[in-house]
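J.:
2 protein chains.
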Amino acid sequence: METKFYDDQTMVNEKDFKEKWIYFVHDLQNRICAALETCDGKAKFEEDKWRRTGGGGGITRVISNGNVFEKGGVNISVVFGDVTDIMRRQLKIEGDKWFACGLSLVVHPYNPFVPTVHCNYRMFELYNHSLSPTGGGQEGVVIDRWFGGGTDLTPYYLFEEDAKHFHQTYRDVCDKFDSGFYPRFKKECDDYFVNWHRNEERRGIGGIFYDMQRPEEKLDENFWMNFSKACGNAFINAYVPIAEKRKDTSFNAQHKHWQEIRRGRYVEFNLLHDRGTIFGLKTNGRTESILMSLPATVRFEYDYRPEPGTPEAELLDVCLHPREWI
Amino acid sequence: METKFYDDQTMVNEKDFKEKWIYFVHDLQNRICAALETCDGKAKFEEDKWRRTGGGGGITRVISNGNVFEKGGVNISVVFGDVTDIMRRQLKIEGDKWFACGLSLVVHPYNPFVPTVHCNYRMFELYNHSLSPTGGGQEGVVIDRWFGGGTDLTPYYLFEEDAKHFHQTYRDVCDKFDSGFYPRFKKECDDYFVNWHRNEERRGIGGIFYDMQRPEEKLDENFWMNFSKACGNAFINAYVPIAEKRKDTSFNAQHKHWQEIRRGRYVEFNLLHDRGTIFGLKTNGRTESILMSLPATVRFEYDYRPEPGTPEAELLDVCLHPREWI
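Protein chains in written order, with my numbering: chain D, 1 to 326; chain U, 327 to 652.
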């Protein structure tokens with residue numbers, strides 16, 4: 001297997017636990033970008049490599065003005081540093097050094113009948129430097145570690161068969177690990193992507209979401225890494241067939257108008273409520289990589305409400321009242 | 327003078343301090359809406375009266391799709407209720423009942439050469455019910471009171487004469503009260519409307535901003551009410567002549583594109599950093615009235631940077647490095 005380099009400082013290979021995850025994240029980024037480029041048929045991802053003051057960096061890949069994808073990003077980051085007060089407060093953690101590595105993607109299609117999709121899979125480690133067996137290693141002793149992630153779908157028009165396919169894909173992945181996971185992580189997703197200031201309207205039709213999953217006796221760190229890898233690997237099968245099926249649907253200005261109204265809700269959620277966005281911006285994350293999640297064109301209208309009985313009202317209803325799809 | 331009713335419960339007249347301010351706020355709303363309608367020449371404000379669960383309500387007036395103004399709101403609210411834990415924490419206040427009354431406006435013109443403008447003038451009172459002389463009045467004893475407000479301009483293209491006119495208007499108002507006010511409140515404005523996540527880029531070219539001004543020996547409550555009234559009254563002269571001067575300027579798709587990019591920054595500031603927006607949404611304020619501040623059409627592009635030497639770059643420079651205009 002080819003040896004990968006994260007940057008000049010960090011060699012990525014299969015040697016140890018952390019490096020396995022770093023390798024996976026790089027490889028997943030390559031596979032997802034290739035699959036989305038094939039689906040788009042025109043646009044290619046452009047890459048920005050960046051370094052973070054304080055430790056690490058990332059690779060941001062952005063696609064824009066494609067046949068299918070108007071704006072999207074598939075980003076990875078491998079970052080580390082000192083534990084700061086804001087991290088102690090917000091994450092309720094101890095330790096003096098941290099490490100995080102993950103992939104985060106958002107894809108906004110141009111056609112209102114193709115849904116927007118988001119996913120994020122990440123590992124976090126905490127170290128206590130004073131406990132380092134050698135007393136001088138960069139990382140010290142791992143005192144805490146967790147995985148988090150999820151994938152969720154934001155359609156503008158509801159196709160039940162698409163919703164079922166998307167949820168079934170993740171249910172199949174979850175069931176291979178624990179039959180309780182899908183119902184639990186589906187509910188966590190419905191409870192997380194909520195515009196609390198709009199009568200608890202959801203951003204979309206959900207998917208799965210899990211956070212801060214720490215190794216326990218049976219569900220050890222290998223279990224959670226394998227689960228996160230399986231979820232990450234499922235993305236292409238969960239989303240691309242939906243985009244393929246809907247990408248040539250004809251649409252008019254009214255459909256586009258509704259898409260832009262709903263994109264406004266997407267912006268509201270990300271900037272007002274999304275913990276990752278707000279935490280990233282407050283802790284000096286790379287602004288352009290974080291805000292690549294925002295759609296290209298957005299519309300805000302005062303007190304906009306779709307006509308009852310329309311497809312637009314149907315979509316809104318399913319955001320207000322999450323359904324069981326399978 | 328005509329007796330005004332806030333709603334069926336609260337009579338507004340000139341009788342006492344609080345009622346003077348409530349009367350002023352209603353009257354200012356009427357005068358500003360009339361001036362903006364005259365400037366627009368086509369669109370009329372539409373009015374929504376609303377009540378707040380817990381006490382009070384407001385009058386939201388929205389203008390849309392005019393000749394000049396694409397979207398805007400001139401809102402007033404007269405609200406009161408019990409002091410909650412989130413208020414104690416965020417406002418660092420005591421007391422058990424509160425009252426607030428103010429006017430808040432945002433106007434987004436269609437033409438990129440006409441600037442967006444925002445202003446807000448408000449009074450806040452705190453009561454200790456247990457100290458009420460009668461023991462049973464709705465309000466008890468006033469134990470704290472403050473005024474806050476400001477007006478700031480967000481142009482998309484810089485016209486120095488417009489910036490000077492706007493700042494000079496507020497400097498003239500300030501100087502009638504205290505020659506130290508304009509420099510102090512101009513700086514507070516530059517320090518408040520900041521997109522901290524974008525290298526401290528300002529939302530626009532500022533104006534004045536003051537918050538939590540409590541009565542002291544010489545600067546008593548009448549002083550601060552009169553100052554706030556004078557600032558509120560100055561809005562029409564500060565803004566409307568600029569809109570009149572620029573509203574017929576011809577523009578092309580590139581100008582509109584830049585306006586929508588800058589509107590994206592406006593959205594970022596309001597949803598990520600604006601204390602009023604976030605506090606309002608968290609304390610169960612009326613979402614549609616709060617978010618009327620967002621522009622109609624907005625654009626987010628990855629890592630967008632204007633070409634050096636262009637008018638767009640000049641505007642960005644003045645947002646990154648606030649100037650003294652007078």
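We put the beta carbon where it would ideally sit given N, CA and C, even for glycine.
Does chain U have any CB closer than 7 Å to the CB of D/G135?
T.: No answer about D/G135 holds up, because its pLDDT of 49 lies below 50 and its placement is not dependable.
J.: So that I know if they touch, is there some Cβ in chain D lying closer than 7 Å to that of U/F395?
T.: Taking Cβ atoms only, chain D never reaches closer than 7 Å to U/F395, which makes this a no.
J.: Is there a C-beta anywhere in chain D that falls below 7 Å from the one on U/E614?
T.: Yes, U/E614 lies at the interface with chain D (some Cβ there is under 7 Å from its Cβ).
J.: Any beta-carbon of chain U closer than 7 Å to the one on D/F300?
T.: Output row for D/F300: interface = yes.
J.: Run down chain D in chain order and give the residues with a C-beta less than 9 Å from the C-beta of U/P509.
T.: Going along chain D, no residue has its Cβ under 9 Å from U/P509, so there is no contact; the nearest lies around 30 Å.
J.: With 7 Å as the limit, tell me which residues of the region 185-215 of chain D have their beta carbon closer than that to any beta carbon of chain U; keep them in chain order.
T.: Here the close residues are H197 and R198.
J.: I'd like to confirm the pairing. Which residues does DSSP put opposite U/V405 in its beta bridges?
T.: U/V405 pairs with U/G382 and U/A426.
J.: Who pairs with D/N195 in a beta bridge, going by DSSP?
T.: Per DSSP, D/E201.
J.: Have a look at D/G73 and U/Y508 and give me their C-alpha separation to the nearest angstrom.
T.: Cα to Cα, the separation comes out at about 45 Å.
J.: Tell me, please, whether the CB atom of D/D274 is closer than 7 Å to any CB atom in chain U?
T.: No, because no Cβ of chain U sits closer than 7 Å to the Cβ of D/D274.
J.: Indicate whether at least one CB of chain D lies closer than 7 Å to the CB of U/V443.
T.: So, not an interface residue.
J.: Less than 8 Å between the CB atoms is what I'm expecting for D/A234 and D/Y170, so what's the real figure, rounded?
T.: So it is a contact: roughly 6 Å between Cβ atoms.
J.: Skipping 5 residues on each side, what residues in its chain have a beta carbon closer than 8 Å to that of U/G384?
T.: Correct list, in chain order: K375, W376, R378, N401, I402, S403, V404, V405, R612 and S615.
J.: Short of 6 Å in beta carbon distance, which residues of its chain neighbour D/A163, apart from the five on each side in sequence? Order them along the chain.
T.: Closer than 6 Å at the Cβ level, and outside the excluded window around D/A163, lie I205 and W325.
J.: Using a Cβ-Cβ cutoff of less than 8 Å, which residues in the same chain neighbour D/H321 once the five nearest sequence positions on both sides are dropped?
T.: Answer for D/H321: no residue qualifies.
J.: So, is D/G95 buried or exposed, given that buried needs 16 or more other C-beta atoms within 10 angstroms?
T.: Buried, because 16 or more other Cβ atoms sit within 10 Å of the Cβ of D/G95.
J.: What residues from the region 218-240 of chain D come within 8 Å of chain U, judged by C-beta to C-beta, listed N to C?
T.: If the cut-off is 8 Å between Cβ atoms, the region 218-240 of chain D has nothing near chain U.
J.: Reducing DSSP to helix, strand and coil, say where D/F124 ends up.
T.: If DSSP states are grouped into helix, strand and coil, D/F124 belongs with the strands.
J.: Compare the C-beta of D/T297 with all C-beta atoms of chain U and state if any pair is closer than 7 Å.
T.: So, interface residue.
J.: Spell out the partners DSSP gives D/S64 in its beta bridges.
T.: Answer is D/K71.
J.: Looking only at DSSP bridge pairs, what is D/R299 linked to?
T.: Answer is U/T623.
J.: Along the chain, where does the alpha helix (DSSP H) containing D/E46 start, and where does it finish?
T.: D/E46 -> not in any alpha helix (DSSP H); beta strand (DSSP E) instead, spanning E46 to R51.
J.: Check whether the region 261-269 of chain D touches the region 80-95 of chain D, counting contact only when three or more Cβ pairs, one atom from each stretch, lie closer than 8 Å.
T.: Touching, no, given that fewer than three Cβ pairs across the two stretches are closer than 8 Å.
J.: Can you list the beta strand (DSSP E) stretches of 3 or more residues lying completely in the region 205-270 of chain D, in chain order?
T.: DSSP runs (the beta strand (DSSP E)) wholly in the region 205-270 of chain D: 206-213.
J.: Classify D/R184 as helix, strand or coil using the three-state DSSP reduction.
T.: D/R184 falls in the helix class under three-state DSSP.
J.: I want to see whether chain U comes within less than 7 Å of D/L36, judged by CB atoms only; does it?
T.: It does not: the Cβ of D/L36 has no partner Cβ on chain U nearer than 7 Å.
J.: When Cβ atoms are compared, which residues of the region 577-594 of chain U fall closer than 8 Å to chain C?
T.: Protein chains in the displayed structure are D and U, and chain C is not among them.
J.: So what's U/P654 in DSSP terms, helix, strand or just coil?
T.: Any answer about residue 654 of chain U is impossible in this case: the structure gives chain U only from 327 up to 652.
J.: List the residues of chain U that D/S104 touches, going by C-beta distances under 7 Å, in chain order.
T.: Chain U residues near D/S104: none, gap ~14 Å exceeds 7 Å.
J.: Note the first and the last residue of the continuous beta strand (DSSP E) segment covering U/R471.
T.: Start and end: V467 to T480.
J.: From the DSSP output, in three-state form, read off U/T442 for me.
T.: If DSSP states are grouped into helix, strand and coil, U/T442 belongs with the strands.
J.: Given this structure, state the Cα-to-Cα distance separating U/C654 from D/V318, to the nearest angstrom.
T.: In this structure chain U extends from 327 to 652, so residue 654 of chain U is not present and cannot be described.
J.: Put D/A313 into one of helix, strand or coil per three-state DSSP.
T.: In the structure shown, D/A313 sits in a helix (DSSP, three-state: H, G or I).
J.: Note down, in chain order, every chain U residue with its Cβ under 7 Å from the Cβ of D/D40.
T.: Those within 7 Å of D/D40 in chain U number zero; the least Cβ separation is about 16 Å.
J.: When the Cα of U/T480 is compared with those of U/N596, U/R631 and U/W550, which residue comes out closest?
T.: Checked all of U/N596, U/R631 and U/W550; the closest Cα to U/T480 is U/N596.
J.: Could you pull out every residue in the same chain whose Cβ sits closer than 7 Å to the Cβ of U/L607, ignoring the five residues on either side in sequence?
T.: Taken in chain order, the residues that qualify are T613 and I616.
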